[in-house]
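Peer 1: Supplied in structure tokens, the structure appears directly below.
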Amino acid sequence: NVAIIGSQSPWLECICLNSDAKSVTTVEYNVPEVNYPKLKAISYYKDFKNTNIKYDCILSFSSIEHSGLGRYGDELDPNGDIKTMDDIYNNLVDGGLLYLGIPIGPDALAWNANRIYGNIRLPILLEKFKVLEWFGCSFEDALRLPKGKDWKSNYQPVIVLKKN
Numbered sequence: 003n004v005a006i007i008g009s010q011s012p013w014l015e016c017i018c019l020n021s022d023a024k025s026v027t028t029v030e031y032n033v034p035e036v037n038y039p040k041l042k043a044i045s046y047y048k049d050f051k052n053t054n055i056k057y058d059c060i061l062s063f064s065s066i067e068h069s070g071l072g073r074y075g076d077e078l079d080p081n082g083d084i085k086t087m088d089d090i091y092n093n094l095v096d097g098g099l100l101y102l103g104i105p106i107g108p109d110a111l112a113w114n115a116n117r118i119y120g121n122i123r124l125p126i127l128l129e130k131f132k133v134l135e136w137f138g139c140s141f142e143d144a145l146r147l148p149k150g151k152d153w154k155s156n157y158q159p160v161i162v163l164k165k166n
């Protein structure tokens, strides 16, 4: 069972539906209408936070950094990203995997667009998980790479995490 956190465009869902996943669930603040047998969509606040369903794998790319900033209909909360990671942790089976794509660079808040994770906030965000692998670039490399003038110029590697 796979869950996808945040989905403006269902590209992760397409990949999962063409794999061996027996079910794929999109978790959103604004729940999209879905009419596909192996795919369902649920509300983050109403369903995901209050469920007993455990997922084998959760994927999130370019989503967690927005949590709590109100940009996508979520409640304003300065620790919304950390609380979302807690909810993800609670909804994974023991030993479950999280594939997380977030912007890495010097710590910053580009209000109300997103957060950028660096030496300060990244360890807090990942503290409950074991880091298995980085794809795209390492944390150290992302901090050394040149940055552009806007928040979109930061790097979003995928970090593979395991529930402790």
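Numbering (my numbering), first residue to last: 3 to 166.
Even glycine gets a Cβ: it sits at the ideal position worked out from N, Cα and C.
All figures in this text were calculated on a predicted structure; none of them were measured in a lab.
Looking at residue 138 and residue 157, is the spacing between their C-beta atoms short of 8 Å?
Peer 2: yes
Peer 1: Mind checking which residues open and close the beta strand (DSSP E) that includes residue 90?
Peer 2: Unbroken run through residue 90 is the alpha helix (DSSP H), 82–92; no beta strand (DSSP E).
Peer 1: Can you tell me where the alpha helix (DSSP H) with residue 18 in it begins and where it stops?
Peer 2: Taken as a continuous stretch (DSSP letters only), the alpha helix (DSSP H) holding residue 18 covers 13–19.
Peer 1: Compute the Euclidean distance between the alpha carbons of residue 23 and residue 113, then round it to the nearest angstrom.
Peer 2: 36 Å
Peer 1: Have a look at 57, 108, 105 and 78 and flag the residue whose alpha-carbon is nearest the alpha-carbon of residue 91.
Peer 2: 57
Peer 1: Output needed for residue 104: all residues of its chain with C-beta closer than 7 Å, excluding positions within five of it in sequence on either side, in chain order.
Peer 2: Apart from sequence neighbours up to five positions away, the residues of its chain that approach residue 104 with a beta-carbon distance below 7 Å are 66, 67, 119 and 158, ordered along the chain.
Peer 1: Which same chain residues end up closer than 8 Å to residue 88 when comparing Cβ atoms and leaving out the 5 residues on each side of it in sequence?
Peer 2: Once the five neighbours on either side are set aside, the close Cβ partners of residue 88 are 130.
Peer 1: For residue 101, tell me which candidate among 50, 59 and 13 has the shortest Cα-Cα distance.
Peer 2: 59
Peer 1: Within this structure, are the beta carbons of residue 7 and residue 62 separated by less than 8 Å?
Peer 2: yes
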